[in-house]
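So the sequence shown is residues 1 to 264, counted in UniProt numbering.
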Amino acid sequence: MMATTTPGGWRLLLLRGWLPVTLVALWWTLSAGSEALYFPPLQEILTTLVDEWILGPRWRSDLLPSLANFTIGFGTSVLLGTALGVLLGMSPVMRALFAPVLTFFRSLPSPALIPIVLGILGLGAGMNVSLIVLGAVWPILLNTIDGVRSVDTQLREMVRSYRLSRRQIITHVVLPSAGPQIFAGYRIGLQIAIILIVVSEMVGATHGLGYYVLESQQLFMITQTWVGTILLGIIGYLLTLIFLRIERRVLRWQIRMRQATGAS
C-alpha cells in the first residue's frame with residue numbers, strides 16, 4: 001500500500017492559509033465605506049481591536065481574567081475527568097454504581113445550571129470556573145472510561161502475569177493505550193470550555209470577554225460587538241492550535257506507528 005505524505009513547510013502554510021486570507025480580503029473590500037448599522041467596515045473593527053485590546057487596557061481588565069478562568073476550569077476538568085474516568089473504567093462495580101448519576105448529569109445542558117451555581121457561589125470567578133468544569137468534565141470523563149475499557153484483554157492478562165503494581169499498570173499500560181481516546185475527550189472538553197467562558201461571563205461577571213460582548217450588544221455598540229466576536233474566534237483558534245501541538249507531542253508514538261503501518 002502506498003503511503004500518503006502530509007504536505008509540510010510552505011505548502012502546508014498555503015493550504016491552510018489561502019481561504020482565511022481570501023475571506024478577510026473579500027470582507028475588507030466589500031465592507032469598505034459601509035454605512036450599514038450592523039455591518040461596519042472591517043478596517044474600523046480592526047482599528048478598534050488594536051486600540052482597545054492590544055494597545056489599550058482591555059487585555060488586562062478583561063482578557064487575562066477570562067483566560068485565567070478558562071485555564072483553571074479546563075485544567076480542573078482534565079484532572080477530575082481523567083482520574084474518575086480511570087477509576088470507573090477499571091472497576092465494573094463502580095461503573096455500574098455511578099452509571100445512573102453520570103447519565104443524569106451529562107444530559108443537563110451547562111447553561112441550565114447557571115441559576116443553581118449562581119445561587120450557591122454568587123457572582124465572581126468561582127461561579128465562572130465552576131460552570132466551565134460542570135460543562136467540560138463530562139466528555140473527558142466518558143471518553144476516559146471508554147478508552148480504559150477498550151484496553152486489549154490480552155494486554156491486561158499479560159500485565160497481570162508480570163505482577164505489576166496498580167500504579168504501574170495505570171501509568172505504563174492503561175493511560176498509554178487509552179491515550180488517543182482520552183485526548184479526543186480533551187478536545188471536545190476544550191471547545192465546550194471556550195464556549196462556557198462567554199456564557200458564564202454573560203450572566204455572572206462584571207468583566208471578561210463575555211461581559212464585553214454582552215455589554216456592547218446591549219448598548220448597540222456594533223463595532224465592539226464584532227471586535228469581541230472576532231477576538232473570541234482568534235483565542236479559540238490559538239488555544240486549539242496549542243492543544244494540537246501538545247497532543248502530537250504526547251501521542252507521537254501513535255503517529256509513528258501509523259506512519260510505519262502505512263509505509264508497510
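For glycine and all other residues, C-beta sits at the position ideal for the given N, C-alpha and C. Just so you know, these numbers come straight off a predicted model, no measurement behind them.
Problem set entry | alpha helix (DSSP H) runs wholly inside the stretch 120 to 150, at least 4 long, in chain order | 125 to 149
Exercise. To the nearest whole angstrom, what separates the beta carbons of L87 and M94, a pair I think is in contact under 8 Å?
Worked result: 6 Å
For this session: Drop a sphere of 10 angstroms on the beta-carbon of Q154, count the other beta-carbons inside from all chains shown, and report buried for 16 or more, exposed for fewer.
Result: exposed
Exercise. Is V50 buried or exposed, if buried means 16 or more other CB atoms sit within 10 Å of its CB?
Worked result: exposed
For this session: Would you kindly report the start and end of the unbroken alpha helix (DSSP H) that includes E215?
Result: L209 to Q218
Exercise. Going straight from the alpha carbon of I192 to that of I169, what length do you get?
Worked result: 31 Å
Exercise. With distances taken from CA atoms, which of S31, Y186 and D152 is nearest V174?
Worked result: D152
Problem set entry | Straight-line Cα distance separating L14 from L209 | 31 Å
Problem set entry | Same chain only: Cβ atoms within 6 Å of A32, ignoring 5 sequence neighbours per side | P41
Exercise. Are the stretch 124 to 132 and the stretch 59 to 79 touching, with three or more C-beta to C-beta distances below 8 Å?
Worked result: yes
Exercise. For R16, which of W253, R252 and L241 has the nearest alpha-carbon?
Worked result: L241
For this session: Take L142 and list the residues in its own chain whose beta-carbon comes closer than 8 Å to its own, dropping the five residues that flank it on each side.
Result: G85, L102, R106 and G185
For this session: Measure the C-alpha to C-alpha separation of T82 and F104 and round it to an integer number of angstroms.
Result: 19 Å
Exercise. Could you give the distance in angstroms between the alpha-carbon of V199 and the alpha-carbon of Q218?
Worked result: 15 Å
Problem set entry | Check whether G147 and I182 have beta carbons under 8 Å apart | yes
Exercise. Leaving out five residues before and five after I52 in sequence, what residues of the same chain have Cβ atoms less than 6 Å from its Cβ?
Worked result: Here residue 52 turns out to be Glu, not Ile, going by the sequence shown. Closer than 6 Å at Cβ, skipping near neighbours: R58.
Problem set entry | Where A193 sits in the DSSP three-state scheme | helix
Exercise. Over what stretch of residues does the alpha helix (DSSP H) that includes I169 continue unbroken?
Worked result: R166 to I169
Exercise. So A136 and S77 are in contact, right, with Cβ under 8 Å, and what is the actual spacing, rounded?
Worked result: 4 Å
For this session: Assign L190 to buried or exposed, taking buried as 16 or more other Cβ atoms, counted over all protein chains shown, within 10 Å of its Cβ.
Result: buried
Exercise. Residue range of the alpha helix (DSSP H) that A36 falls in?
Worked result: From DSSP, A36 is part of no alpha helix (DSSP H); its letter is neither H nor E.
For this session: Count the other CB atoms, across all protein chains shown, that sit within 10 Å of the CB of A112; report buried if there are 16 or more and exposed otherwise.
Result: exposed
Exercise. Since T48 and Q224 are thought to touch, with beta carbons under 8 Å apart, how far apart are those beta carbons, to the nearest angstrom?
Worked result: 6 Å
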